[in-house]
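Residue numbers (the working numbering): 20 to 250.
For glycine and all other residues, C-beta sits at the position ideal for the given N, C-alpha and C.
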Amino acid sequence: MPDYQLLIFDWDGTLVDSIGRIVEAMHRAADVACVPRCSDVAVRGIIGLELGVAIRTLYPELDEPLRIETIRRAYSEQYLALETEPSPLFEGVRESLEVFRDQGYRLAVATGKGRKGLHRVLADKGWLDYFDMTRCADETASKPDPLMLHEILAHCRVQPERALMVGDSTFDLLMARNAGMDAVAVGFGAQPLSVLRECSPRLAINEFNELRAWLEGRQAQRPAEVSEHVG
């Protein structure tokens, strides 16, 4: 197995159980902007993209910048209203990240969230200085463009083959592929493993602790296989 040095995580749907709130906030934003609500599946399918890109993907018929900006602002307001109590970490995340740090891995975040939103949730969890680097979609190119991964790799001085991207959307996995990195698909976030598996991840998991077990070598894997564990 590759000797990974750097573990890069998506945020929403990978570390944090926030997908339901994202979907509801987008529905409420549609109501505010007087546009039709998209299905839950459609909204889950754009999670991970930069917000403006996500809105244009959901509403390709909208070519009015003002209407798109109205949806953007409404979404941000509605999400904040739903986040009066911050979304919880998935089971096993906090403990596993501590173990990864103790084992010498460098940790980073590559997220479709904006910097303001990520700063707020990191501050709430006391993690402002926890990760070696964090990169947000409003600072760089939106997923699946690999630019944010290139920036993280350059900052951490790690080669792509020594890094691993962990995410819950095809955008995460395609971004990793575009950067020349291995990826892990998590099936408890925005998109199901049946969809994520099409991107040929190195590993596919249904519980976060399975990543820790795999990295620790407790479950032997054949190098060319995608391993899937059903929790």
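What residue does the beta strand (DSSP E) around residue i start on, and which one ends it?
i, result
"Leu222", "222-224"
"Asp201", "201-205"
"Phe28", "25-28"
"Gly186", "182-186"
"Val35", "Taken as a continuous stretch (DSSP letters only), Val35 belongs to no beta strand (DSSP E), as it is neither H nor E."
To the nearest whole angstrom, what separates the beta carbons of residue i and residue j, a pair I think is in contact under 8 Å?
i, j, result
"Ala223", "Ala204", "5 Å"
"Val177", "Leu230", "Val177 to Leu230, Cβ: 18 Å. No contact."
"Ser161", "Glu69", "4 Å"
Can you give me the start and stop residues for the alpha helix (DSSP H) that residue i sits inside?
i, result
"Val60", "59-63"
"Met167", "166-175"
"Ile41", "38-52"
Leaving out five residues on either side along the sequence, give the residues of the same chain with a beta carbon under 6 Å from the beta carbon of residue i.
i, result
"Leu183", "Tyr23, Leu26, Asp201"
"Gly133", "Cys155, Asp157"
"Ile90", "Ala48, Ala52, Ile74"
"Phe28", "Leu34, Val128, Val185"
"Ala93", "Ala48, Val51, Ala52"
Leaving aside the five residues before and after residue i along the sequence, list all residues of the same chain whose C-beta is less than 7 Å from its C-beta, in chain order.
i, result
"Ile38", "Asp31, Gly32, Arg63, Ile66, Gly208, Ala209"
"His174", "Met152"
"Arg40", "Tyr98, Leu101, Glu102, Ser106"
"Glu43", "Leu101"
Whose C-beta lies closer than 8 Å to the C-beta of residue i among residues of the same chain, with five residues either side of it excluded?
i, result
"Arg125", "Gln24, Leu25, Leu26, Asp151, Cys175, Val177"
Touch check for the segment 86-102 and the segment 27-47: three-plus C-beta pairs under 8 Å? Under the three-pair Cβ rule at 8 Å, the segment 86-102 counts as touching the segment 27-47.
If you pair each beta-carbon of the segment 163-173 with each one of the segment 132-140, do three or more pairs fall below 8 Å? No contact exists between the segment 163-173 and the segment 132-140.
Counting beta carbon pairs with one atom in the segment 185-197 and one in the segment 213-222, are three or more of them shorter than 8 Å? Yes, since at least three Cβ pairs between the segment 213-222 and the segment 185-197 fall closer than 8 Å, the two stretches touch.
Residue ranges of each alpha helix (DSSP H) run of no fewer than 4 residues wholly in the segment 79-122, ordered along the chain? Counting only runs of 4 or more, we get 84-101, 112-121.
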